[in-house]
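Here is the structure we will look at.
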């Protein structure tokens with residue numbers, strides 16, 4: 448259960464981003480707010496909100512973790528960079544697990560969020576899930592190696608680390624992973640960061 452406690456703590460930390468700035472078009476409403484609503488609704492379904500009495504999904508029991516086939520999970524990635532003015536970014540996540548080989552792959556992209564001046568910008572680039580595995584202390588343990596880069600005007604971020612977490616639900620329904628001790632190259636300076644990735648089961652194949 449320790450991975451889920453870590454992930455819940457990460458979610459609480461990362462939810463401190465306020466809106467503001469950005470290009471909302473003629474309506475004056477930033478369309479990225481709709482994406483935030485989707486991310487937050489998913490976070491509530493997967494992790495719950497113990498403070499409000501809303502229970503999240505339980506860790507998948509070992510017997511419910513497949514030993515063959517593939518599963519794809521769609522969701523969100525949230526990143527907090529502890530710069531002088533903290534940067535908080537939100538993006539899409541797609542993760543595929545091949546249970547027969549215990550291989551993990553995926554992409555985190557479509558990011559937007561704050562810059563060092565607290566404006567809201569779109570970030571180009573992607574973070575790739577390029578390794579990792581399934582299992583460990585329990586069959587539900589999940590490890591995802593990540594690396595890549597994101598850029599916006601005046602901002603350059605380089606990532607390299609490992610997310611840890613668990614499969615959730617019985618039957619299997621979601622993943623939740625975090626890196627609470629990430630170190631990110633922010634404009635040439637190594638900076639502490641927190642990364643959270645959540646996904647719900649979207650597709651399975653034999």
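In this note's numbering, the protein residues as written are 448 to 653.
Backbone N, C-alpha and C fix where the C-beta goes; we use that ideal spot for every residue, glycine too.
Supposed contact pair residue 563 and residue 530 - C-beta distance, whole angstroms, cut 8 Å:
Residue numbering aside, residue 530 sits at position 83 when the chain shown is read from its first letter. Residue numbering aside, residue 563 sits at position 116 when the chain shown is read from its first letter. Sure, about 6 Å apart at Cβ, within 8 Å.
- request: For residue 580, collect the residues of the same chain with a Cβ closer than 6 Å to its Cβ; drop the 5 residues on either side in sequence, then sort them by chain order.
  value: As a position in the chain shown, residue 580 is number 133, starting the count at 1. Within the same chain, 549, 590 come within 6 Å of residue 580 by CB-CB distance, once the 5 residues on both sides are set aside.
Task: Coil, strand or helix - residue 528 by DSSP - done: As a position in the chain shown, residue 528 is number 81, starting the count at 1. Residue state, collapsed to three classes: strand.
Worksheet item: If you count every other CB in all the chains shown that lies within 10 Å of the CB of residue 504, and 16 or more means buried, which is it?
Response: On the chain shown, residue 504 is found 57 positions in, with the first residue counted as 1. So residue 504 counts as buried.
Excluding five sequence neighbours on each side, which residues of the same chain lie with their C-beta closer than 8 Å to the C-beta of residue 556? What you label residue 556 is simply residue 109 of the chain shown in a count that begins at 1. Within the same chain, residue 556 has close Cβ partners 538, 539, 572, 573, 574.
- Message: Measuring straight from C-alpha to C-alpha, what distance separates residue 653 and residue 517?
- Response: Along the chain shown, one-based indexing puts residue 653 at 206. Along the chain shown, one-based indexing puts residue 517 at 70. Each residue's Cα considered, the two are about 6 Å apart.
Spatial neighbours of residue 502 in its chain, beta-carbon cut-off 8 Å, leaving aside the 5 residues before and after = In the chain shown, counting from the first residue as 1, residue 502 sits at position 55. Same-chain partners within the cutoff: 495.
**Prompt:** If you draw a straight line from the C-alpha of residue 617 to the C-alpha of residue 623, how long is it?
**Reply:** What you label residue 617 is simply residue 170 of the chain shown in a count that begins at 1. What you label residue 623 is simply residue 176 of the chain shown in a count that begins at 1. Whole-angstrom Cα-Cα distance: 14 Å.
Review point. What do you get for residue 642, buried or exposed, if any count of 16 or more other CB atoms within 10 angstroms of its CB means buried?
Key: As a first step, residue 642 must be located in the chain shown, where it is residue number 195. Classification of residue 642: buried, given that the 10 Å Cβ count is 16 or more.
On the criterion of 16 or more Cβ atoms from any shown chain inside 10 Å, does residue 480 qualify as buried, or is it exposed?
Counting from one through the chain shown, the residue named residue 480 turns up at place 33. So residue 480 counts as exposed.
Helix, strand or coil at residue 476 [DSSP, three-state]:
Numbered from 1 along the chain shown, position 29 holds the residue referred to as residue 476. Residue 476: coil per DSSP, three-state reduction.
For this session: Please confirm whether residue 594 and residue 577 have their CB atoms less than 8 Å apart.
Result: For this step, residue 594 is matched to residue 147 along the chain shown. For this step, residue 577 is matched to residue 130 along the chain shown. Yes, the Cβ-Cβ distance between residue 594 and residue 577 is below 8 Å.
request  = Would you mind stating whether residue 542 and residue 559 have Cβ atoms separated by less than 8 Å?
outcome  = As a working note, residue 542 is residue 95 in the chain shown. As a working note, residue 559 is residue 112 in the chain shown. In this structure, residue 559 does not lie closer than 8 Å to residue 542 by Cβ.
Next item on the list: Report the partner residues of residue 656 according to the DSSP bridge assignment.
Entry: A question about residue 656 goes unanswered here, because the residues of the chain that appear run from 448 up to 653.
Exercise for the section: Output the distance between the C-alpha atoms of residue 507 and residue 554, rounded to the nearest integer angstrom. Expected result: Your numbering for residue 507 matches position 60 in the chain shown. Your numbering for residue 554 matches position 107 in the chain shown. Answer to the nearest angstrom: the Cα atoms are 23 Å apart.
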